[in-house]
Ligand SMILES: Nc1ncnc2c1ncn2[C@@H]1O[C@H](COP(=O)(O)OP(=O)(O)OP(=O)(O)O)[C@@H](O)[C@H]1O
Ligand SMILES: Nc1ncnc2c1ncn2[C@@H]1O[C@H](COP(=O)(O)OP(=O)(O)OP(=O)(O)O)[C@@H](O)[C@H]1O
Ligand SMILES: O[C@@H]1[C@@H](O)[C@H](O)OC[C@H]1O
Ligand SMILES: [Mg+2]
Ligand SMILES: [Mg+2]
């Protein structure tokens, strides 16, 4: 029958979507190796990974939200506000910026970081899922509010007097890789596994693909969509913690503009803004591509005035290459 | 029949969507009048309009694109690059920054501004409509590229030395209002009229609502969608020209981050990101709301560290009020 | 007698491929002026593809189309195509956010010097709908119409283009008998006024009712074209399926009556909600119950309320004597209800996901320990479903968007039965499904019944209702009549339409 | 040399040769654009082999990544422009681990190892502006157009300006305008403020490179742009020292500006990195170029370059970088 011959190709194409970025990634890495002989050194590759860990976690959160067919722009602000509140709880007031005279112990403060992420997600979920407000604009408003709260609560000051635990994720290493990289790796493995092998993961795809059909199949659409906002908030909070450790301080601008990069990584990695399409593997290739290009442009000594234009052009080029190799229109 | 009674009420709701922001706008204006007795002065209202003209034009462009169900993030960069290229053509090379020893006459340079906008739109349209690349990510890449080209071509310099014609739109007035405000007003009227009373305008809604059905009805979907990108580019270029005049110079950062505000205005004004929904009247109320809030917060001297948080909260509040008054879930 | 006029449309040697799929292979069709010509074939045979070629929406890879003896206009010239052929496509072509009036006149709005005249537009639209007896406000948004209204609007629109040749791709799949009758009456009128039709339907009796000629497609190929009188119903089915052997649908009247002690599987008491009031009935194990009525009767709403898709305003549902939490699908599933929802595209399937994913969607929590749903288990269930329901597909990993309508419906059926329900609710189970697939789907209902479970079939298609032990009829939101198996077709139709027959 | 001590064969890592990596914090400000252009020029003059500059694009994390990348490329010295005093420390630690000396320009790091900080005192900018405006206005409302509140330079200027005003000119009321280093925010915000407060007497622009044109446009729109000397003149003091500010001073449109020495930043950045790469270590005291090295925090030495206040009196001074372009 006619459809029978069509099937294998369709499936192949669907899978290709997730691998679409690999050729582009390979080309960039190849160019990197040619342009600069240190590019492929272990040192440099570790550096790329270390620089990408925070982004990777935020992209993971955003990907989960996108899979369910929603949006969360406010994750970039969570990257700033969550660790900031943890820091303000952990820094003694005596230093002129903390909130308490006898501050919280580090572990509790770090727990607070995660809790803040969860609360932001809870609130977003409430507005988007329960009140059915437009996700784009709600989370844009939240982005602005949280950024404002960060500037307000720190009076714009950079926080750096936190206990060492705040920096541990990015500075401590294990088998030569920063803990942050291990953490991101594990998070992708676990989430990737759940998405593929667990009912909750399958439910995300179903919700994003057709929420009505998912509801009719007994999937608790609202509850899951709401939970995903919370999980994304927590992941962004962890990303923020990693970022803090990476930079060694927490400026009131932390996370600023990051959301563009987050979307860029997810979308060139094959995650559809319409929901229900894409894999974490794809998203991860998106993160790595951006990290490698960033690194490469510095290594290739592109003049700084033109570096941004080249960066954009490389993304566009990768996108077109992905289009050609996967042979499919993109959504 | 059940639907028959439902229909009129449904329609009322659909129209309400476009008016949804009016109560919020009224509340803000009322508060403004109470907080500051000069808030409702002609002077101040003119100031709000003058400050909003550039944004209004870019929002108009974006709204047209959104109505057809596409995205254009790169408009914010067009706001910078288009007038910059015009300026570089019009400034004598002798001043150390222009391109030609004997530069173009002002009118030709200003025409060039529009042409640049059109070319950017043409290119976006090509990638999105013809090559069927993902609009979000293509125009994000274009945003980065154009911003990079702007920084590169001006080497980051602020351009001051343009002929007066570059400033005329924002500085010259007619009947007490800047030309820019008249221009924006006319653009909204004309576009609003076309959207409501011309087949081309109705075609935009049809394409955004169901592109395949539009195609079946004989609408030239691709050609129109592509043209809309071009029109949006030109509108953004004009917006950029107004911005240049308003600010009195053209910095390499012109338009930076503006796209957030553009989307915020359009979406709280009732334009759907899914396409085919919303009116220019709604979009305009979105622009005005943001302009009024900006003006109000500055004049009210909200402590500067908290102004951003308050701004975000006001947007969220307006959104919730619109939700309550229109009684409809937002998409 | 003069020489026969040139055919209204003649397509020769049409081949159309989608990637590696060949949807049409060297297909030809000739439609004579003034006739109503049926186009039949199983799901996926290529009918809709041929339609899109005949309306200029897609360009064949090879072959020619001519109208009245002249070659077809270039594909880009939509206007020229529209003068030659009008079409109601299988898939909705309304713009949901625009009003009915505007949808009717999209891209040809009455205008003066380029300015659309809205009042004229609304007036002409109202006239058009009135002429058609379509009772819909021209100011309603098309997206808020129900399926029937939407379809009628599309039909009215197609006819209003003034073309003398009209294609209707499964216009009756979603209509109730009332609307179908009206459509046929209209077709007769137009036909006597000289309009030619190409008519697609899976209801073969309709072919005999309105058409003079029939063309059969099978597996992308042209099989036969003949006057309807020359082909018996079983010959037609044989041509479509490529095998001989008639249709056999279990008939409720031929079964032993239910034993009196059969326990109650589902009990609905005083159920009220939007569109229906005070509905009560009991469904016993081993019983197939029909729930019939026109589209506006509220029958869908009752079924959806029982399954938890809607919250009732009043009343209660019990499954096996245990009260069911209202408005909760998951509770209904756990209580042992399975459901084939009304629209497979809206509620039945996630088109982008695989057959396995769709077939297991309602039992994701039962595939493995701790909620694990390993792809292997999913694929396994999908493979079983493919075998059990005769889904024509490559394997369980194939996305359901690739399947033909009938095969998609079988996947929905698999999903409804995945939790091995004690009560199976099937709403419009065979809409748009070809004759052979219909038979397979109804056989499933009979098998489930034979296993001692209960089945509720919600439909107004007589074929769907035939396996029922009794049929409840709803009118205007309330239960109005009950017919035990053995009803006469005319009797049930009259009951559904609320027309009293003499001497019942 | 003055303020330096030759280390007797200390941690000689490259004998003063090797490539130097230089960063810029952003390129959308004329001030930093000027700095960016001075870097290769001053490097050549100093005999330093500088790589093309790398732009952090206002992102502290990108600055760290850039520093890492440069170190991995094997640079032997770094001239960094921190976006923030604290958000650079992790980068400094990496450089230290590789034994690569760092000179910080414009912002003094909170901690960590730097050979020298080259900067002018941003608090002093705020104070100088306050004094100049205060003297002329004495009584009434003054607008300060602030930078990005999340940036250390903007904060220093704001705080110093406010402290000085409350201390020395209690009759002056400050109206804050947070404009995030953005021209259109400055223009519309100033117009709002001038409408609500037509009696504004003075304006302090924390970044003339971005705020000069929009300030003049807003004043013009409100018909408040009158030359110095006119009783209706709004006192305006700027910050940065780009040529357009000088032009405005000459025309009497604004009163003064603080010249933030872009050229000297680049020049002494290269000067100190060359010495540091040669293994020299430094201590507090006067330098050979008329400035003084101060130990601002334990272990952190700062070459405090002069940032002259430019008024009509000295606006034509050839030594000002804004007059050399
Ligand atoms: N856009 C498309 N892309 C790929 N394949 C397609 C497309 N449209 C149709 N096909 C294929 O062409 C074949 C014929 O499809 P068509 O829609 O013509 O069937 P049909 O006879 O109308 O079926 P039904 O009775 O279910 O409506 C199918 O097997 C389908 O797989
Ligand atoms: N994107 C596609 N790729 C491959 N085949 C397609 C695609 N879209 C549709 N088809 C094919 O087109 C045919 C008809 O489409 P579909 O199955 O959706 O019709 P249907 O289910 O009968 O619709 P309805 O329920 O509206 O009557 C099917 O054979 C299907 O395989
Ligand atoms: O200090 C800088 C300021 O003077 C410049 O003009 O803009 C950006 C700031 O970093
Ligand atoms: Mg079909
Ligand atoms: Mg069908």
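Protein chains in written order, with my numbering: chain A, 1312 to 1642; chain B, 1312 to 1642; chain C, 297 to 800; chain D, 25 to 349.
Glycine included, each C-beta is placed from N, C-alpha and C at the ideal position.
Predicted model, so just to flag it, every value in this text is computed and none were measured.
The Cβ of residue 405 of chain C sits closer than 9 Å to at least one Cβ of chain B. DSSP lists C/721 as the bridge partner or partners of residue 635 of chain C.
Taking the C-beta atoms as reference points, residue 233 of chain D is found no nearer than 9 Å to residue 188 of chain D. Residue range 1476-1482 is occupied by the alpha helix (DSSP H) that includes residue 1478 of chain B, with no beta strand (DSSP E) assigned at that position. Interface with chain D (9 Å Cβ-Cβ cutoff): residue 1576 of chain B is excluded.
Annotation for residue 341 of chain C indicates a beta carbon within 8 Å of some heavy atom of ligand 1.
The beta-carbon separation of residue 1552 of chain A and residue 1394 of chain A, rounded to 5 Å, stays under the 8 Å limit for a contact.
Around the C-beta of residue 539 of chain C, fewer than 16 other C-beta atoms lie within 10 Å, and the residue is accordingly described as exposed. When Cβ-Cβ separations below 9 Å define contact, residue 218 of chain D makes no contact with chain A. Along the region 1463-1486 of chain B, going in chain order, the ones with a CB nearer than 8 Å to a CB of chain A are 1463, 1466, 1467.
Residues of the region 1614-1626 of chain A with a C-beta less than 9 Å from any C-beta of chain D: 1614, 1615, 1616, 1618, 1619, listed in chain order. The three-state reading of DSSP puts residue 221 of chain D in coil, since its state is none of H, G, I, E or B. Its Cα nearest to that of residue 652 of chain C, the residue C/689 stands out among C/592, C/633, C/689. The alpha carbon of residue 107 of chain D has as its nearest neighbour, out of D/116, D/80, D/91, the alpha carbon of D/80.
Below the 7 Å Cβ cutoff, chain A contributes 1623, 1626, 1627, 1630 as neighbours of residue 1452 of chain B, in chain order.
Judged by their CB atoms, residue 272 of chain D and residue 1481 of chain A are not nearer to each other than the 9 Å cut-off.
Nearest CB-CB separation between residue 603 of chain C and chain A: below the 9 Å threshold. Of all alpha-carbon atoms in D/126, D/334, D/92, D/186, the one lying nearest the alpha-carbon of residue 326 of chain D is that of D/126. If you check the CB distance, residue 1590 of chain A and residue 1329 of chain A come in under 9 Å. The DSSP-derived three-state label of residue 465 of chain C is strand. Assignment of residue 641 of chain C by DSSP, reduced to helix, strand and coil, places it in the helix class. For residue 399 of chain C, there is no enclosing beta strand (DSSP E); the enclosing alpha helix (DSSP H) covers residues 396-400.
Straight-line measurement puts the Cα of residue 1575 of chain B at about 20 Å from the Cα of residue 1496 of chain B. For residue 1522 of chain B, the distance from the CB to the nearest heavy atom of ligand 1 is not below 8 Å. In the structure shown, the three-state DSSP call for residue 197 of chain D is strand.
Short note on residue 1550 of chain B: C-beta not closer than 8 Å to any heavy atom of ligand 4. Identification of chain D residues near residue 1634 of chain B by a Cβ-Cβ cut-off of 9 Å yields none; the smallest Cβ-Cβ distance measures about 28 Å.
Shortest gap from the CB of residue 530 of chain C to any heavy atom of ligand 4: 8 Å or more. Note that the region 1551-1570 of chain B touches the region 1469-1484 of chain B; at least 3 beta-carbon pairs, one per stretch, sit closer than 8 Å.
Here the C-alpha atom of residue 160 of chain D lies approximately 30 Å from the C-alpha atom of residue 174 of chain D. For residue 1459 of chain B, the nearest beta carbon of chain A is closer than 9 Å to its own beta carbon. For the C-beta of residue 233 of chain D, the chain B residues within less than 7 Å are, from N- to C-terminus, 1469.
Remark: the shortest separation between the CB of residue 593 of chain C and any heavy atom of ligand 1 does not fall under 8 Å. Relative to ligand 1, the beta carbon of residue 338 of chain C is positioned inside 8 Å of a heavy atom.
Chain-ordered, the chain A residues with CB closer than 8 Å to the CB of residue 98 of chain D read 1349.
Only 51, 52, 53, 54, 56, 57, 60, 61 from the region 44-70 of chain D bring a Cβ to less than 8 Å from some Cβ of chain B.
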